[in-house]
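Input: a single structure, listed below in structure tokens.
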Amino acid sequence: MGAELLRAKSLYCERDDRVLFENLDLQLNTGEILQIEGRNGSGKTTLLRILSGLSNNYEGEIFWCGETLGEAKEAFLAELVYIGHQPGVSAQLTAEENLSWQCALHPSLDNSKIGYAIAQVGLKGFEDVPSYQLSAGQKRRIALARLYMSSAKLWILDEPFTAIDKLGVAAKEALMLKHLSQGGSVILTTHQDLSDSMPVRTLSLGKPQTEVAYE
Amino acid sequence: MAVKWLPRWFFQLASPRWCYQFIGKLIPWFAAISITLVVAGSIWGLAFAPADYQQGNSFRIIYLHVPAAILAQSFYMLMAIAGAIGLIWKMKVADMVAKSVAPIGASLAVLALLTGAIWGKPTWGSWWVWDARLTSMLVLLFLYLGVIALNSAIESETTAAQATAVLALVGLVNIPIIKYSVEWWNTLHQPATFKLTEKPAMPAEMWMPLLVMVIGFYTIFGLALMLRLRNEILVRERRASWVKELLSVKA
Amino acid sequence: MSDRQVSVGRLFAQTFKRDLVLAFRRKSELVNPLIFFLIVVTLFPIGVSPEPLFLAELAPGLIWVAALLSTLLSLESLFKADFEDGSLEQLLLSPQPLFMVVLAKVTAHWLMSGLALTLVAPIMAIMLFLPAEGMPGLMLSLLLGTPTLSLIGAIGAALTVGLRRGGVLISLLVLPLYIPVLIFGSSAVQAAITGLPLGGYFALLGALLALALALAPLATGAALRISVSG
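Residue numbers (our numbering), protein chains in the order written: chain Z, 4 to 218; chain G, 316 to 566; chain V, -3 to 226.
Here it is in structure tokens:
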């Protein structure tokens, strides 16, 4: 049982006339993997965006290492790697250029590890290729390469394994285990089944709800 | 954001239901006062105030033009401040106020421009003059239209409210700059004769009905705002049980 | 220099460089606003009158209005591509000051819109028979005024980046805010032609620029966060 990293209290979110979740509590400690489950449209992506600070369309409180997100914003962002639905890769830039800019944005990313990271995701030889010439899976791998360069504690990953093959998934699972052993944590959503050996806790969203009634 | 120095009623305002009921109580009073003031002011100004020795009776349009212009400007400020409150304290009611004020303010700007044009015809011989005040009012109308357009372009209500709040604040900062630059531009191109809305030393018989009209406009358009706000509350809170009860009782 | 200062400077430089590289790799986007500038200026002699005296009088204001419209045209691309590929999200998740990133992007944008227009303006001036005395005033006023146009325009671009067709809406939001720059900019050129002192105009344009530099990136950052959170 590690130290508390991220804690959410009484989260409430509504969107398009539907309540996505209410009274949601969650806690993530160091060395844990939390998987958010739910049907399509149950609010998984919304929850991840709220937890990473991208969306403020919620009520409730979120704490990072005991401080509210508002107070600890900078410290929180410095320890966060977020990979969303879109890979965050500029099509006109090469893999190396993309990662280089990411390093300027996030001090937690190590510039010197770019070559190593690109090799680890199987893109060796493609460093200088403009990304529009790469497949969707390859672009996603550029995004995932950041995980090899980062010393950040919290990874929030939204469907990270889309268009990644089994070998790639296995490699990422190994990476996540290594991350956990160094005191990091992961929150993710995925349609793929993670192998049984992974220490995963799950949180289910989207209990069947028809009408919304509230005071 | 817990700010302890704010009085309790400020946070009470945050409840749409409370606002709906409170405003409902105010409406009859406002209706009575505003109609009295506007009717009295109109009759006084249009019939009884002395005619201007230069412009004759056509100047009487100021009893509509000046209040409309004053309100158009102060309602923009209200819209920006309400937007700011909604942005900082995440208050839904403040967002609703800002959204309700926008069309009213825009209509007032149009009224000011139309009455300005009506004044211009007998005075200058043309329906429009590129006078500093009128041009500034036109730009204010554009600022209003921008806010309304942005609000309707964004689908999510909360995002729309936040975006328009930012836009309204940016506009607010710019308004003094725009007014100054337009006035300066105007003096460059027109010899300093007399301006369309110049108010030289007006005798009491002239500015008193004007004052009555200004207050009357504030109350009557405040009333319009309150009615719109109540509607907006019902629409936004339509899924709440108190609204459903209310609507089923009325049905 | 402290660690943090080094990284902020590096962030500015990297973002600036990135935006320039991106723009040069999408060459058509670079050139379109300039062509538009030229076409707009050409419309007036064709549509109204090619009389040299008439055009000369029209020239200062016309060149300025054309510059405004060309800047508007190039604004939509400021944040759109980044929004669509997810880079904007990453940008907003940086622990570094958003102000710097926005400033870097706007500077890069200005280099390719306002500055480019300023360099092309003499051609327009010749086509509109602007007297030679007005040329330095024209260039300087554009040089001082176009950065403000980019800064204010960025606010409009940020507010509408999430909309599918934000193009026309940007114009509606931003053009009223451009009026002071237009007034002082074109008056500066008029003054230059008639030989009046220009110091006051440049001071005013400079003041507008200073205000925009201080405040516009803040509003732009707030607008970006709002657009992405939706």
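By construction, the Cβ of each residue, glycine as well, lies at the ideal position given by its N, Cα and C atoms.
| If you run the structure through DSSP and keep just helix, strand and coil, what is S90/V? | Residue state, collapsed to three classes: coil.
| message | For a quick check, are the C-beta atoms of T103/V and F20/V less than 7 Å apart? | response | At the C-beta level, T103/V and F20/V stay beyond 7 Å of one another.
| task | Taking only the alpha-carbon atoms, compute the straight-line gap between L456/G and S389/G and give it to the nearest angstrom. | result | In this model, L456/G and S389/G are separated by some 13 Å (Cα to Cα).
| said: For a contact defined as C-beta to C-beta under 7 Å, what are the partners of T450/G on chain Z? | reply: Ordered by position in chain Z, no residue passes the 7 Å Cβ test against T450/G, which lies about 39 Å from the chain.
| task | Drop a sphere of 10 angstroms on the beta-carbon of W445/G, count the other beta-carbons inside from all chains shown, and report buried for 16 or more, exposed for fewer. | result | Classification of W445/G: exposed, given that the 10 Å Cβ count is below 16.
| field | Cross-chain neighbours of N60/Z in chain G, by beta carbon under 7 Å | value | Per Cβ cutoff of 7 Å: T473.
| query | List, in order along the chain, the chain V residues whose C-beta lies closer than 7 Å to that of L37/Z? | reply | Near L37/Z there are no residues of chain V at all, since even the closest Cβ is about 19 Å away, more than 7 Å.
| request: Give the range of the alpha helix (DSSP H) segment to which K175/Z is assigned. | output: That run of the alpha helix (DSSP H) goes 169 to 184.
| Quick one: does M85/Z have its CB under 7 Å from some CB of chain V? | Per the sequence shown, residue 85/Z should be read as Tyr rather than Met. So, interface residue.
| field | Residues near I400/G by beta carbon distance below 7 Å, same chain, minus five either side | value | Non-local beta-carbon contacts of I400/G in its own chain, meaning distances under 7 Å to residues more than five positions away in sequence, involve M406, A409 in chain order.
| query | If you run the structure through DSSP and keep just helix, strand and coil, what is Y220/Z? | reply | Because residue 220/Z is not part of the residues shown, which for chain Z are 4 to 218, the question remains open.
| task | Return helix, strand or coil for R232/Z, following the three-state DSSP convention. | result | Residue 232/Z cannot be examined here, being either before or after the span of chain Z that is shown, 4 to 218.
| task | Report the option in L423/G, V353/G, Y335/G whose CA atom is closest to the CA atom of H380/G. | result | Considering only alpha carbons, the answer is L423/G.
| Considering only residues of the segment 389 to 470 of chain G, which uninterrupted alpha helix (DSSP H) runs meet the minimum length of 4 residues and lie entirely inside it, listed in chain order? | Complete alpha helix (DSSP H) runs here, min 4: 407 to 439, 447 to 468.
| request: Identify every residue that forms a DSSP beta bridge with D161/Z. | output: Under the DSSP definition of a beta bridge, D161/Z partners with T192/Z.
| Beta-carbon of D81/V versus every beta-carbon of chain Z: anything under 7 Å? | Answer yes: the Cβ-Cβ gap between D81/V and chain Z drops below 7 Å somewhere.
| field | Distance, P127/V Cα to L169/V Cα | value | Those two C-alpha atoms are separated by around 34 Å.
| message | Please report whether the beta-carbon of S496/G lies at a distance below 7 Å from any beta-carbon of chain V. | response | Taking Cβ atoms only, chain V reaches closer than 7 Å to S496/G, which makes this a yes.
| field | Given I36/Z as reference, the closest of H194/Z, M179/Z, D196/Z once Cα atoms are compared | value | It is M179/Z.
| task | Flag this pair as touching only if the segment 449 to 463 of chain G and the segment 490 to 503 of chain G have three or more C-beta atom pairs under 8 Å; answer yes or no. | result | Contact between the segment 449 to 463 of chain G and the segment 490 to 503 of chain G is present, with at least three C-beta pairs closer than 8 Å.
| For a contact meaning CB atoms closer than 8 Å, what does L159/V contact in chain G? | At a beta-carbon threshold of 8 Å, the residues of chain G lying near L159/V are A468, I469, ordered along the chain.
| request: Just the C-alpha distance for L211/V and V485/G, rounded to the nearest angstrom, thanks. | output: Using only the alpha carbons, I get a separation of about 9 Å.
| request: Starting from the beta carbon of S138/Z, find every residue of chain V whose beta carbon is closer than 7 Å, and list them in chain order. | output: What S138/Z touches in chain V: nothing, since even the nearest Cβ is about 15 Å away.
| message | Taking a contact to mean a Cβ-Cβ separation below 7 Å, would you say V36/V touches A62/V in this structure? | response | A Cβ-Cβ contact shorter than 7 Å links V36/V with A62/V.
| Going along chain V, which residues have a C-beta under 7 Å from W67/Z? | For W67/Z, there are no C-beta contacts with chain V under 7 Å, since the nearest C-beta of that chain is about 12 Å from it.
| said: Between P163/Z, M201/Z, S93/Z, which has its C-alpha nearest L51/Z's C-alpha? | reply: The alpha carbon of L51/Z has as its nearest neighbour, out of P163/Z, M201/Z, S93/Z, the alpha carbon of P163/Z.
| query | Taking the continuous alpha helix (DSSP H) assigned at E472/G, which residues delimit it? | reply | Counting along the chain, the alpha helix (DSSP H) containing E472/G begins and ends at 472 to 504.
| Under 6 Å from any heavy atom of the ligand PLP, does the C-beta of I377/G make it? | The ligand PLP is not part of the structure shown, which contains no ligands of any sort.
| message | If you measure between the beta carbons of A11/Z and L29/Z, is that distance less than 7 Å? | response | Yes, the pair counts as a contact, with Cβ atoms nearer than the cut-off.
| request: Could you check the C-alpha separation between F374/G and S225/V for me, to the nearest Å? | output: Going from the Cα of F374/G to the Cα of S225/V covers about 51 Å.
| query | Do the CB positions of P56/V and V185/V come within less than 7 Å of each other? | reply | V185/V sits close to P56/V, with the two beta carbons spaced by under 7 Å.
| Can you tell me whether DSSP reads T33/Z as helix, strand or coil? | Coil at T33/Z, not helix or strand.
| query | Within this structure, are the beta carbons of G141/V and P90/Z separated by less than 7 Å? | reply | No, they are not a contact pair.
| message | Using the Cβ count rule (16 or more neighbours within 10 Å means buried), how would you classify G128/Z? | response | Exposed is the call here.
| field | Option nearest I121/Z by Cα separation, candidates L147/Z, H109/Z, L112/Z, S45/Z | value | Looking at the Cα atoms, L147/Z is the closest of the given residues.
| request: Spatial neighbours of T213/Z within its chain, please: CB distance less than 8 Å, with the 5 preceding and 5 following residues excluded, ordered by chain position. | output: At T213/Z, the pLDDT of 38 sits below 50, so the modelled position is not reliable; the number obtained from the coordinates is stated separately. Cβ contact annotation for T213/Z (same chain, cutoff 8 Å, sequence separation greater than five): none.
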